[in-house]
Every structure is written in C-alpha cells, then in structure tokens.
Ligand SMILES: Nc1nc2c(ncn2[C@@H]2O[C@H](COP(=O)(O)OP(=O)(O)OP(=O)(O)O)[C@@H](O)[C@H]2O)c(=O)[nH]1
Ligand SMILES: Nc1nc2c(ncn2[C@@H]2O[C@H](COP(=O)(O)OP(=O)(O)OP(=O)(O)O)[C@@H](O)[C@H]2O)c(=O)[nH]1
Ligand SMILES: [Mg+2]
Ligand SMILES: [Mg+2]
Ligand SMILES: [Zn+2]
Ligand SMILES: [Zn+2]
C-alpha cells in the first residue's frame with residue numbers, strides 16, 4: 001500500500017513534467033511476444049522523421065528491444081533492465097527521463113515488461129496504456145486479465161495474418177474486451193504484413209494533435 | 213523475504229505429502245496463451261484412462277481452463293481464481309489439495325497463471341517445472357526470462373505448426389535455453405496437429421516410472 005503511494009507520487013511528477021512539455025506518452029503492455037517492439041519499429045519507421053520520439057524499452061534481462069528500436073531508427077532510446085521486477089515503475093522512468101531532452105520530444109513510448117498482470121498496477125505517468133493482444137494467444141485474455149484491459153484506452157489486436165491458425169475469434173475477443181471496458185478503442189493489424197498499420201498511425205497522430 | 217520462507221515451508225509440506233503418496237507433480241508455466249491448457253487436454257485424452265490425474269488450473273480471473281480440462285475428460289479438476297495475484301503459491305495449493313484423494317492419484321498437474329516472471333519464485337511442492345514457449349512469441353524469451361528457464365527441468369516448444377510465420381528459429385531458441393540451463397530437456401510439438409505429442413507422452417511416462 002505504502003509502496004504504491006510512493007509510485008503514484010513519482011508518477012504524478014512525471015505526468016506533470018510530460019504535460020508541461022506537451023509530450024504525449026504511451027505505456028505499451030502485453031504478454032511476452034505479442035508484438036510491442038514490432039509495432040514500435042513500424043511506428044518509428046513511419047513517423048520518426050516527422051516527430052521526435054523518445055523510447056524506453058524495459059525487460060527483466062537483456063537490452064534486445066532497445067537495440068532493435070535503435071536499429072529501426074529510434075534516435076532517443078534507453079533500455080531498462082529490471083534484473084527481477086516483473087514490471088516497470090515510476091522510479092525507473094524518472095531515472096531514465098533525466099537523460100532525455102524533454103524540450104524537443106513530441107512523443108514518449110514506453111515498452112513495459114511482457115506481463116499482463118503486474119504492470120497494470122504501476123502508473124508510469126503516461127497519458128494512456130496501449131494493450132496488445134495477438135491472435136495466437138487466445139481470445140479469452142481480456143476476461144482472464146481484466147485489470148490490464150480495464151486500465152487501457154486502446155487494444156491493438158496484432159498478428160491478424162495468423163487468423164485461422166487457431167480457434168481465435170476476432171469478434172469474440174472484441175466482445176470480451178468491451179465487457180471489461182466499454183470505452184476501449186480497438187484496432188486490428190499485422191506488424192508482419194502491414195495490414196491495418198495505417199489506421200494505427202492515424203489513431204496516433206490524431207491523439208498527438210488532441211494533446212496539444 | 214519472510215513471505216517467501218512461509219511459502220517454502222508450506223511447499224515442503226506439500227512435497228512431502230506428494231512423495232509419500234508417490235504422486236508425480238508438475239508445475240506448468242508459460243506466457244499467457246502458449247498452450248498450457250491445450251497440452252493438458254491432449255495429455256488427459258491420451259493417459260486419463262490408464263493413470264489417475266489430478267489437475268489444478270489457476271488464473272487471475274475465470275475458471276475457463278478448469279472447465280476445459282473437465283470437458284477433456286479430467287475427473288479430478290479444481291480451479292484457483294487468485295483475484296489479483298500474478299502467480300500461484302503454496303498456500304493456495306494446500307487448500308485445494310485437501311479436496312483430492314491422494315491415495316488414488318498417480319499424477320498432479322498444476323497449470324500456473326500465465327506469466328514468465330513471478331511464478332518462478334514460488335515453489336508449489338512440485339517435482340519439476342515444465343516451461344512452455346510457443347513459436348509465435350519470439351526465440352529470445354529464455355534470455356529475457358532466465359529465472360523461469362533456469363528453474364525448469366523441461367522446455368516444451370509448442371505451435372511448431374506455425375514455424376515459418378515469423379523470425380522464430382528453433383535451433384536458436386534451443387541454444388538460448390541451454391545457455392541459461394544446460395540440463396533442460398527440450399521437446400517440440402504442436403497441440404494443434406499432434407506432431408511431437410508422442411515424444412511428450414513418452415517423456416512423461418518415463419518420469420512417472422522413475423518416480424516410483
Ligand atoms: N506472424 C506475425 N508475427 C509477428 C507479428 N508481429 C510480431 N511478430 C513476431 O512475434 C514475435 C514477437 O514480436 P516482438 O515484437 O518481439 O514482441 P514483444 O511484445 O516486443 O515481445 P517482448 O518484448 O519480449 O515481450 C517476433 O518473432 C515477431 O517477428 C505479426 O503481425 N504477425
Ligand atoms: N496453431 C496452434 N495453435 C495452438 C497450439 N496450441 C494451442 N494453440 C492455440 O493457442 C491458444 C492458447 O492456447 P491455451 O491452451 O489456452 O494456452 P494457455 O497457455 O493455457 O493460455 P493461458 O492459460 O490463458 O495462459 C488457443 O487459441 C489454442 O487453440 C498449436 O500447437 N498450434
Ligand atoms: Mg519487446
Ligand atoms: Mg490455460
Ligand atoms: Zn509483479
Ligand atoms: Zn508477481
């Protein structure tokens with residue numbers, strides 16, 4: 001209880017800082033391997049020249065994702081290696097944020113540790129959470145992990161190129177998600193084929209403009 | 213620290229109880245949606261008539277998996293709904309185990325909450341952990357979640373029917389896994405096509421016999 005309050009205190013400070021600089025911040029969450037890094041790679045490739053994007057990539061071990069984001073063209077990328085914690089917290093973000101030039105940043109993307117449970121309890125000062133679910137992990141996930149879907153503003157269904165390779169039903173996952181959170185925006189795409197990517201980019205750009 | 217010691221105390225009691233009754237116990241762990249329940253459904257279908265199998269299916273919310281296991285023929289199935297905890301613990305197992313007839317059980321299968329981090333820190337009294345990874349979640353998972361792969365005895369690579377739909381490399385995931393844990397048994401299969409299932413069933417039956 002006390003720990004959460006300290007996190008909330010730090011998260012509020014981050015939020016104020018980001019809002020002061022008109023930086024739109026997203027916290028990307030999902031199971032391991034749903035495609036967070038892939039979506040960020042595609043987003044950097046499409047928008048990295050028109051918008052200044054800061055990226056934080058967190059994992060228990062390795063800096064693999066930060067390296068991938070840099071290779072994809074990310075100019076302001078920092079890894080966070082938790083060494084054990086199953087979620088990022090506001091203290092870690094505060095430390096990393098001090099290395100970014102907030103004057104120039106338009107967007108801050110935080111890739112959280114792959115985990116559908118714990119990250120939902122740790123505010124990082126973001127504007128909103130983006131929850132990814134892939135068509136390969138089962139359409140009951142919103143019901144099984146309601147906390148994460150309840151606290152997200154948008155759900156991205158990734159790997160639609162693999163529809164038909166399991167009993168995953170697109171309409172059913174949307175129905176389940178809306179049961180948990182009626183206000184969720186829902187997008188479907190494939191990072192692999194590019195299908196639906198435009199809609200994501202438009203959604204993003206609209207939100208960035210709204211933020212100003 | 214104190215909490216973990218209480219868990220270890222209870223886990224030791226469970227272990228003693230299971231060993232006394234010569235029950236071989238497996239703790240199934242993986243990311244959400246890698247195929248734990250699917251593998252258990254197949255295993256029940258194949259062995260449920262020749263061996264008495266007790267099943268515990270844990271999730272944050274829903275009893276979906278316990279229902280699936282019962283429909284698959286499981287005769288002794290109990291759900292655990294944690295309501296928030298991102299992992300099963302020995303206290304929960306102790307409570308459920310009191311409802312099983314340990315005199316008749318040959319096998320106990322525990323399906324943990326889908327999570328590659330937290331369950332690795334909570335001994336449930338099992339003989340060994342079985343970690344599943346699917347070919348759709350990326351071959352760097354053993355490096356990103358070393359704790360789980362280090363504490364497992366066998367890694368099951370599931371969804372081999374989907375090889376070729378991403379950059380997942382079977383040899384690379386094995387190399388990564390053995391970097392973390394040189395003693396890992398590694399099996400590859402598809403719950404969907406049945407490919408490799410025989411090898412899993414043989415592995416299991418050999419381990420059951422060894423346990424006696
Ligand atoms: N078929 C298919 N594969 C995809 C798609 N998007 C990502 N992948 C693959 O899915 C695997 C995981 O993708 P990542 O982008 O690393 O997922 P992630 O959520 O960042 O993973 P973690 O950070 O480790 O939790 C990789 O093998 C990707 O190539 C997609 O749209 N279709
Ligand atoms: N293509 C393919 N799909 C599979 C395979 N095994 C399981 N699936 C699908 O993967 C999805 C998840 O399977 P589950 O068995 O529910 O996975 P799980 O690990 O029990 O999921 P949670 O308990 O929710 O973490 C379902 O849509 C299954 O049909 C496989 O070998 N190949
Ligand atoms: Mg990633
Ligand atoms: Mg399951
Ligand atoms: Zn946690
Ligand atoms: Zn935990």
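Chains as they are written, first to last, in the working numbering: chain A, 1 to 212; chain B, 213 to 424.
Glycine included, each C-beta is placed from N, C-alpha and C at the ideal position.
Computed from a prediction, not measured in an experiment: that's the story for all the values here.
Counting other Cβ atoms within 10 Å of its Cβ, residue 5 of chain A stays below 16 and is therefore classed as exposed.
Inclusion of residue 196 of chain A and residue 204 of chain A in the CB contact set at 8 angstroms is not warranted, their separation being larger than that value. Contacts with chain A (Cβ-Cβ distance below 8 angstroms) from the region 371-382 of chain B involve 371, 373, 374, 377, 378, listed in chain order. Straight across, the Cα-Cα distance linking residue 199 of chain A with residue 166 of chain A is about 25 angstroms.
DSSP lists A:157 as the beta-bridge partner residues of residue 133 of chain A.
When only Cα atoms are considered, residue 372 of chain B and residue 232 of chain B end up about 38 angstroms apart. Taken from the Cβ of residue 36 of chain A, at least one heavy atom of ligand 3 lies inside 7 angstroms. Taking 8 angstroms as the threshold, the shortest C-beta distance from residue 346 of chain B to chain A falls below it. In this model, residue 112 of chain A and residue 283 of chain B are separated by some 36 angstroms (Cα to Cα).
A residue is called buried once 16 or more other Cβ atoms fall within 10 Å of its Cβ, and residue 141 of chain A is buried on that count.
In this structure, the beta-carbon distance from residue 423 of chain B to residue 234 of chain B falls below 8 angstroms. Against chain A, the beta carbon of residue 239 of chain B has no neighbour under 7 angstroms; the closest one sits roughly 17 angstroms away. The residue among A:125, A:99, A:65 with its C-alpha nearest the C-alpha of residue 11 of chain A is A:125. For the region 101-116 of chain A, the set of residues with a beta-carbon nearer than 9 angstroms to any beta-carbon of chain B comprises 113, 114, 115, 116, in chain order. In this structure the region 101-111 of chain A lies against the region 54-70 of chain A, because at least three pairs of beta carbons, one per stretch, are closer than 8 angstroms. Rounded to the nearest whole angstrom, the C-alpha separation of residue 414 of chain B and residue 262 of chain B is 14 angstroms. Taken atom to atom, the span from the alpha-carbon of residue 274 of chain B to that of residue 143 of chain A is near 7 angstroms. Residue environment analysis places residue 394 of chain B among the exposed positions, since fewer than 16 neighbouring C-beta atoms fall within 10 angstroms of its C-beta. DSSP, read as helix, strand or coil, puts residue 111 of chain A in strand. In the three-state reduction of the DSSP assignment, residue 168 of chain A falls in the coil class. Of the candidates B:315, B:329, B:335, B:335 places its Cα closest to the Cα of residue 305 of chain B.
In terms of beta-carbon proximity, residue 141 of chain A lines the interface with chain B, with at least one pair separated by less than 8 angstroms.
Closest option to residue 329 of chain B, judged by alpha-carbon separation, among A:31, A:206, A:26: A:31. A:66 is the residue among A:80, A:66, A:81 whose C-alpha sits nearest the C-alpha of residue 74 of chain A. Relative to ligand 3, the beta carbon of residue 379 of chain B is positioned no closer than 7 angstroms to any heavy atom. Setting aside the 5 residues that flank it on each side, residue 341 of chain B is surrounded in the same chain by 239, 241, 363, 364, 365, each with a C-beta closer than 7 angstroms to its C-beta; the list follows chain order. Beta-bridge annotation (DSSP): residue 208 of chain A is not paired with any residue. The beta carbon of residue 136 of chain A sits closer than 8 angstroms to those of 159, 162, 165, 166, 168, all from its chain and outside the five residues before and after it, given in chain order. Beta-carbon to beta-carbon, residue 120 of chain A and residue 147 of chain A are separated by about 4 angstroms, close enough to satisfy the 8 angstroms threshold.
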